[in-house]
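Below you'll find the structure, written out as structure tokens, and then a few comments.
Numbering (the working numbering), first residue to last: 25 to 106.
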């Protein structure tokens with residue numbers, strides 16, 4: 025996974041704002057030292073990869089704005105019979 029990719033279970037719609045809290049926010053601002061205006065990637069575990077810009081950083085949360093999203097369909101189950 026790329027260093028600038030984070031997880032959020034929220035829906036990732038272009039133009040929407042999402043908030044990262046707790047561990048994800050702490051990692052983004054303290055460990056990776058991202059700042060307002062930086063670009064990051066967000067995944068939601070539902071087949072969506074979002075590209076976002078950091079809008080606001082506070083002590084306990086980070087607000088991101090989704091600028092682009094890619095949708096990856098779930099692979100079909102394949103049963104191989106021999």
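Glycine included, each C-beta is placed from N, C-alpha and C at the ideal position.
Could you please give me the residues that DSSP links to residue i through a beta bridge?
| i | result |
| --- | --- |
| residue 73 | 67, 94 |
| residue 41 | 89 |
| residue 80 | 87 |
| residue 57 | Residue 57 is not bridged to any residue. |
| residue 29 | 65 |
Keeping to the same chain, check which residues put their C-beta closer than 8 Å to that of residue i; ignore five residues upstream and five downstream.
| i | result |
| --- | --- |
| residue 31 | 48, 66, 67, 68, 69 |
Does the beta carbon of residue i come closer than 8 Å to any beta carbon on chain D?
| i | result |
| --- | --- |
| residue 27 | No chain D appears in this structure, which consists of one protein chain only. |
Would you grab the beta carbon distance between residue i and residue j for me? Rounded to a whole angstrom, and I think it's under 8 Å.
| i | j | result |
| --- | --- | --- |
| residue 64 | residue 88 | 7 Å |
| residue 93 | residue 37 | 7 Å |
Near residue i, what residues of its chain come up, given a Cβ to Cβ distance below 6 Å and the 5 sequence neighbours on each side ignored?
| i | result |
| --- | --- |
| residue 45 | 85 |
| residue 41 | 87, 89 |
Query raised in the report: Is the segment 76-84 touching the segment 94-103, taking contact as three or more C-beta pairs under 8 Å?
Result: no
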